[in-house]
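Structure record follows, encoded as structure tokens.
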Amino acid sequence: MLFKTAAVVALAFAANAAYAQSDAQVYESAIAEAARICPGHSKERTTPGIRAVPVGALRVLAQRSYTMCPDRRLDAATPAVWYGAAGVFAWNPDNKSAVKLIAGKVDAMTRKEEFPAETLVWKADGSEARGVVVPMFEPRPRPAGAY
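Residue numbers (mature numbering (1 follows the signal peptide of the UniProt record, and there is no 0)): -20 to -1, 1 to 127.
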């Protein structure tokens, strides 16, 4: 019982950590998380997408342990994806309109706090794409012993 209580308290502190950070810290934490998880991360590709998202939305993502990853494998027709099983929003950083598109989708989904388990794909015009194939999300490999 003591272990269960300690675990609940630890989770509560972790969830509130995102709300205790300054706005600048929230952005930097989101970029750091992308560096840890995203195989396509580089500061030049990741920063514009994350900075386009309102800080309140990033706080919700942090609270839920979701992240944002640039993915150059996404094509121009479908430049934005929500990988529900992985908890990752991805966008094509080479497509300038994809940054605005993913920021809008992240903001809308965090406001509703609706994060479906399935993968959602959006066309460049913002409408949902159905029946399309996108690359599977695979997190950055972790070093041996970093479990």
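Yeah, the Cβ is synthetic: ideal placement off N, Cα and C, and Gly gets one too.
Next item on the list: Would you mind reading off the limits of the beta strand (DSSP E) that contains Leu100?
Entry: Counting along the chain, the beta strand (DSSP E) containing Leu100 begins and ends at Thr99 to Trp102.
Note to self: Let me confirm a value: Met116 is counted as buried when at least 16 other C-beta atoms fall within 10 Å, else exposed. Which label applies?
What the structure shows: Exposed, because fewer than 16 other Cβ atoms sit within 10 Å of the Cβ of Met116.
Notebook entry, point to check: In this structure, does DSSP put Ala109 in helix, strand or coil?
Noted result: Three-state DSSP puts Ala109 in a strand.
Next item on the list: Pick out whichever of Gly106, Glu13 and Ala65 has its Cα sitting closest to the Cα of Val79.
Entry: The option with the nearest alpha carbon to Val79 is Gly106.
Note to self: Closest to Gly67 by C-alpha separation, out of Gly36, Phe95, Pro59 and Asp3, would be which residue?
What the structure shows: Looking at the Cα atoms, Phe95 is the closest of the given residues.
Note to self: Quick check on this structure: which residue in Gly64, Arg91 and Ala57 has the alpha carbon closest to the alpha carbon of Ala109?
What the structure shows: Among Gly64, Arg91 and Ala57, the Cα nearest to that of Ala109 is on Ala57.
Margin query: Which residue marks the beginning of the beta strand (DSSP E) containing Val61, and which one marks its end?
Written below: Residues Ala60 to Tyr63.
Item checked: Limits of the alpha helix (DSSP H) - the one that Pro28 falls within -> Per DSSP, the unbroken alpha helix (DSSP H) holding Pro28 starts and ends at Lys23 to Arg31.
Check: With 16 other CB atoms within 10 Å as the buried threshold, where does Glu13 fall?
Finding: Around the beta carbon of Glu13, 16 or more other beta carbons sit within 10 angstroms, so the residue counts as buried.
Next item on the list: Go ahead and label Arg25 buried or exposed: buried means 16 or more other beta carbons lie within 10 angstroms of its beta carbon, across all protein chains shown.
Entry: So Arg25 counts as buried.
Checklist line | Element boundaries [beta strand (DSSP E), containing Val35] | finding: Boundaries around Val35 are those of the alpha helix (DSSP H), Val35 to Gln43, since no beta strand (DSSP E) includes it.
Margin query: Suppose the cutoff is 6 Å on Cβ atoms and the five residues either side in sequence are ignored; what does the same chain contact list for Val(-13) look like?
Written below: Summary for Val(-13): the model assigns pLDDT 48, below 50, so the residue's position carries little reliability; its value from the coordinates is reported in the next sentence. Taken in chain order, the list of residues that qualify is empty.
Item checked: Rounded separation between Lys23 and Ile11 - CA only -> About 8 Å.
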